[in-house]
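Participant: Quick note on this note's numbering: the sequence shown kicks off at 22 and runs consecutively.
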Amino acid sequence: MLKKIDKLLIQAFVGPFILTTSVVTFILLIQQLADPERLEQMTGKGLGYDVFSELIILMAMVLIPVALPLAVLLGSLITFGNLGEHFELTAIKSAGISLVRALRPIMIFAVLLSLFSFFYSDQILPHANLKFYRLVWDIKQKSPALSIKEGVFYNGLPNYTIKIGYKYPDGKTLKDVMIYNHTAGGGNRELIMADSGKMYTINDDHYLVLELFRGKSYHDQVGTSAMSSNAGGSQEKFVTNTFKKSQMLFNLSSLSMNKTDEKDFQGHKYMHNLKQLLLDIDSLQKRQKNEAKITQQIAQTSYIYEFKTMTSNSNNNIPEHIKKNITPEKIKQKKDSIQNINNTTLTKINLNPIKQEPKIVNVINKPTETQIAYRAVTQARNIYATIKNRSDSEELTKKEYRECIIEYYKKFTYAMACFTMFLIGAPLGSIIKKGGLGVPVLVSVIFFIIYYLMTIAGEKWVKEGVLSPLIGMWYPNVLLLLIGLFFLRQARNDSRVFETDMYLVWLDRFKKRFLPKKTEKN
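As structure tokens, then:
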């Protein structure tokens, strides 16, 4: 009997799960395609059905790890809601089978689905991301498709500007054609006007042929003769040609979409599996240590004389690595530079130190002290700017390090979310006892939004360094797991979580226990 019940429950779950997975993936696809920035990148590019099909398939593959948790939650809610609504779950319990035992086959399915999600995120998702982001980049870099509209100047063809007065319904015959040729440079010096024309493509749409009828071409030629050049003037020539038929050929290779080499995108963290992410994290940690060491060395070399002075005063608080960097040669260089400042000052003032009076000594000392102070301030500013640049570089390295850790933990958290959402949906469906797509969809959307918001907040806090990556990435799953265990406990006890009578009883008990009783008056 248990095998038949397990088979019944699995059959009841697989159908809604496949349906909800398809629906959720489709909704996420629509949400991604409705992005205004992405729509702007794709519209007007003349993309074929093959490009759109490839884009949609790759985007669906990228969204599968996000869609699986919501599909499990919605599918389990619908399955156990239908079983509770038709009293099948009650019959199972009346046969002496507990709710936990009834959940076991679908729980095993959820565990296997979590393992599949982890394998997919680690092995398949990096390749899907590589092809998807490469295709998005190629679409973004593609020039707009050939779309010449009536009464509007078209600049899609390099070095040419085309305007037509009217386009016939066949899309090829044109009326009142105007073409500016900018291949020679120098502005609008060559103009072609025709009464009518015909436009079509050849050689698999690689070339555009434009046949013009009954038109004229105007060309301003600027030449410089010997006499005019000596006089500083220029000689202009105006050429006009009349034709009955003329043909122009345009190369459309600039409008085609070129495929970028995948090697240009392989270094990004989205295209790496767990082993590659661990290597990236290790290299970023080493880079952080090296940058911090270089910053410390830059700061030390600028204050060697001061550190030596402190050492001579028997100050033992200086670290050993700073004392090792202080050498007699560097101290001698500092003293020589200060002595050069004093000698230069005395030479410029051109006074004899032996014959000067005390007041003159003050005049000599003041410029020397001012110059030393000015050099010290300048040196401090330079050191501050250098250390600030080094600090900004270290912060970028730390941010990149945190982002790699986030991608590393995502492969685990999305897989764990499948089991967590099942643990919420199955007990909650048995409590609600409502099937269909009404209440289950509402409850699923609420819990998924809570999970999504907590995940986004955790990633943001980890990037800013507020939380450690372990806490920031795992706390949404932990909180929802506790909620799922609470629902499982309530479902085992046949608790009425969503009935108002239960809360009214709790309120009456609270009043009787904590509120003072009213005394009757005689």
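We treat Cβ as the ideally placed atom computed from N, Cα and C, and that holds for glycine.
Answer with buried or exposed for residue 423, where buried requires no fewer than 16 other C-beta atoms within 10 angstroms of its C-beta.
Facilitator: For the purposes of this step, residue 423 is taken as the residue at position 402 of the sequence shown. Classification of residue 423: buried, given that the 10 Å Cβ count is 16 or more.
Participant: Touch check for the region 295-313 and the region 263-271: three-plus C-beta pairs under 8 angstroms?
Facilitator: No, the region 295-313 is not in contact with the region 263-271.
Participant: Taking the alpha carbon of residue 182 as the point to measure from, which residue in 224, 235, 212, 154 has its own alpha carbon closest?
Facilitator: Here residue 182 corresponds to residue number 161 of the sequence shown, with the count starting at 1. Answer by Cα proximity: 212.
Participant: Between which residues of its own chain and residue 270 is the CB-CB distance below 7 angstroms, once the five residues before and five after are set aside?
Facilitator: Position 249 of the sequence shown, counted from the start, is the residue given in the question as residue 270. Around residue 270: 228, 230.
Participant: According to DSSP, is residue 189 part of a helix, a strand, or is it coil?
Facilitator: For the purposes of this step, residue 189 is identified with residue 168 of the sequence shown, where counting begins at 1. Three-state result, residue 189: coil.
Participant: For residue 97 versus residue 443, is the C-beta spacing smaller than 8 angstroms?
Facilitator: For this step, residue 97 is matched to residue 76 along the sequence shown. For this step, residue 443 is matched to residue 422 along the sequence shown. In contact: residue 97 and residue 443 (Cβ atoms closer than 8 angstroms).
Participant: For residue 240, tell me which candidate among 218, 201, 224, 221 has the shortest Cα-Cα distance.
Facilitator: As a position in the sequence shown, residue 240 is number 219, starting the count at 1. Among 218, 201, 224, 221, the Cα nearest to that of residue 240 is on 201.
Participant: How about residue 186 and residue 172: do their beta carbons lie closer than 8 angstroms?
Facilitator: For this step, residue 186 is matched to residue 165 along the sequence shown. For this step, residue 172 is matched to residue 151 along the sequence shown. Contact flag set, yes.
Participant: Tell me, to the nearest whole angstrom, how far the beta carbon of residue 411 is from that of residue 322; I am working on the premise that it is less than 8 angstroms.
Facilitator: By one-based count along the sequence shown, residue 411 stands at place 390. By one-based count along the sequence shown, residue 322 stands at place 301. The beta-carbon distance between residue 411 and residue 322, rounded to whole angstroms, is 13 angstroms. This is too long to meet the 8 angstroms contact definition.
Participant: Less than 6 angstroms between C-beta atoms, sequence neighbours within five positions excluded: which residues of the same chain meet that for residue 196?
Facilitator: Taking the sequence shown and counting its residues from 1, the one referred to as residue 196 is at position 175. Once the five neighbours on either side are set aside, the close Cβ partners of residue 196 are 186, 187, 217.
Participant: Could you check the C-alpha separation between residue 530 and residue 502 for me, to the nearest Å?
Facilitator: As a first step, residue 530 is located in the sequence shown; it is residue number 509 there, counting from the start. As a first step, residue 502 is located in the sequence shown; it is residue number 481 there, counting from the start. Looking at the two C-alpha atoms, the distance is approximately 30 angstroms.
Participant: How about residue 79 and residue 156: do their beta carbons lie closer than 8 angstroms?
Facilitator: In the sequence shown, counting from the first residue as 1, residue 79 sits at position 58. In the sequence shown, counting from the first residue as 1, residue 156 sits at position 135. Yes, the pair counts as a contact, with Cβ atoms nearer than the cut-off.
Participant: If contacts are defined as beta-carbon pairs under 8 angstroms, then residue 447 and residue 146 qualify, I think. What distance do you get, rounded to the angstrom?
Facilitator: Along the sequence shown, one-based indexing puts residue 447 at 426. Along the sequence shown, one-based indexing puts residue 146 at 125. The Cβ separation is near 27 angstroms, so there is no contact.
Participant: Keeping to the same chain, check which residues put their C-beta closer than 8 angstroms to that of residue 121; ignore five residues upstream and five downstream.
Facilitator: On the sequence shown, residue 121 is found 100 positions in, with the first residue counted as 1. Within the same chain, residue 121 has close Cβ partners 509, 513.
Participant: Would you mind stating whether residue 490 and residue 476 have Cβ atoms separated by less than 8 angstroms?
Facilitator: Working through the sequence shown from its first residue, we reach residue 490 at position 469. Working through the sequence shown from its first residue, we reach residue 476 at position 455. No, Cβ-Cβ distance for residue 490 and residue 476 is not below 8 angstroms.
Participant: Do residue 150 and residue 83 have their C-beta atoms closer together than 8 angstroms?
Facilitator: Within the sequence shown, residue 150 is the residue found at index 129, counting from 1. Within the sequence shown, residue 83 is the residue found at index 62, counting from 1. Yes, these two residues count as a Cβ contact at 8 angstroms.
Participant: When the Cα of residue 31 is compared with those of 434, 140, 168, 93, which residue comes out closest?
Facilitator: In the sequence shown, counting from the first residue as 1, residue 31 sits at position 10. Cα-wise, what sits closest to residue 31 is 93.
Participant: Beta-carbon within less than 6 angstroms of residue 309's beta-carbon, same chain only, minus the 5 sequence neighbours each way: which residues are those?
Facilitator: In the sequence shown, the residue the question calls residue 309 occupies position 288. Answer for residue 309: 418, listed in chain order.
Participant: Give every residue of the same chain whose Cβ lies closer than 8 angstroms to the Cβ of residue 142, excluding the five residues on either side of it in the sequence, and list them in chain order.
Facilitator: One-based indexing of the sequence shown puts residue 142 at position 121. Within the same chain, 86, 431, 432, 435, 436 come within 8 angstroms of residue 142 by CB-CB distance, once the 5 residues on both sides are set aside.
Participant: If we ignore side chains and look at the alpha-carbon of each, how far apart do residue 504 and residue 445 end up?
Facilitator: On the sequence shown, position 483 is the one that residue 504 refers to. On the sequence shown, position 424 is the one that residue 445 refers to. Distance between the alpha carbons of residue 504 and residue 445: 7 angstroms.
Participant: If the criterion is Cβ atoms closer than 8 angstroms, does the pair residue 235 and residue 205 meet it?
Facilitator: The residue labelled residue 235 in the question sits at position 214 within the sequence shown. The residue labelled residue 205 in the question sits at position 184 within the sequence shown. At a Cβ-Cβ threshold of 8 angstroms, residue 235 and residue 205 do not count as neighbours.
Participant: Rounded C-beta distance between residue 91 and residue 33? I'm assuming under 8 angstroms.
Facilitator: By one-based count along the sequence shown, residue 91 stands at place 70. By one-based count along the sequence shown, residue 33 stands at place 12. In this structure residue 91 does not touch residue 33 by the C-beta definition: roughly 19 angstroms separates them, more than the 8 angstroms allowed.
Participant: Is the distance from the Cβ of residue 131 to the Cβ of residue 440 below 8 angstroms?
Facilitator: Here residue 131 corresponds to residue number 110 of the sequence shown, with the count starting at 1. Here residue 440 corresponds to residue number 419 of the sequence shown, with the count starting at 1. Yes. Within cutoff.
Participant: Does the beta-carbon distance from residue 450 to residue 36 come in below 8 angstroms?
Facilitator: As a first step, residue 450 must be located in the sequence shown, where it is residue number 429. As a first step, residue 36 must be located in the sequence shown, where it is residue number 15. No.
Participant: Determine the DSSP secondary structure at residue 238, reduced to helix, strand or coil.
Facilitator: Translated into the one-based positions of the sequence shown, residue 238 becomes position 217. Strand.
Participant: Closer than 7 angstroms by C-beta to residue 100: which residues in its own chain qualify, once you throw out the five before and the five after it? Chain order, please.
Facilitator: Your numbering for residue 100 matches position 79 in the sequence shown. Same-chain partners within the cutoff: 33, 34, 37, 450.
Participant: In angstroms with no decimal places, state the Cα-to-Cα distance between residue 474 and residue 306.
Facilitator: Looking up residue 474 in the sequence shown gives position 453. Looking up residue 306 in the sequence shown gives position 285. So the alpha carbons of these two residues sit roughly 29 angstroms apart.
Participant: Please report how far the alpha carbon of residue 466 lies from the alpha carbon of residue 304, in whole angstroms.
Facilitator: Your numbering for residue 466 matches position 445 in the sequence shown. Your numbering for residue 304 matches position 283 in the sequence shown. If I take the Cα positions, the gap works out to 40 angstroms.
Participant: Entirely within the region 488-518 and at least 3 residues each: give me those beta strand (DSSP E) ranges in chain order.
Facilitator: none
Participant: Use the C-beta contact count for residue 153: other C-beta atoms within 10 angstroms, 16 or more gives buried, fewer gives exposed.
Facilitator: Along the sequence shown, one-based indexing puts residue 153 at 132. Looking at its Cβ environment, which holds 16 or more other Cβ atoms inside 10 Å, residue 153 is buried.
Participant: Using the Cα positions of residue 426 and residue 302, report the straight-line distance between them to the nearest angstrom.
Facilitator: Translated into the one-based positions of the sequence shown, residue 426 becomes position 405. Translated into the one-based positions of the sequence shown, residue 302 becomes position 281. Residue 426 and residue 302: Cα-Cα distance of roughly 7 angstroms.
Participant: Please report the Cβ distance between residue 319 and residue 407, rounded to the nearest whole angstrom; I am assuming they are in contact, meaning their Cβ atoms lie under 8 angstroms.
Facilitator: What you label residue 319 is simply residue 298 of the sequence shown in a count that begins at 1. What you label residue 407 is simply residue 386 of the sequence shown in a count that begins at 1. Rounded, the Cβ-Cβ distance is 6 angstroms, consistent with contact.
Participant: Starting from residue 218, trace the beta strand (DSSP E) in both directions and tell me its first and last residue.
Facilitator: Within the sequence shown, numbered from 1, the residue matching residue 218 stands at position 197. Note, residue 218: beta strand (DSSP E), 211-223.
Participant: Shorter than 8 angstroms from the beta carbon of residue 118 to some beta carbon of chain D?
Facilitator: Checking the listed chains, one finds no chain D in this structure; it contains a single protein chain.
Participant: Which residue's Cα is closest to the Cα of residue 223: 267, 175, 272?
Facilitator: Residue mapping note: residue 223 aligns to position 202 of the sequence shown, counting from 1. Answer by Cα proximity: 272.
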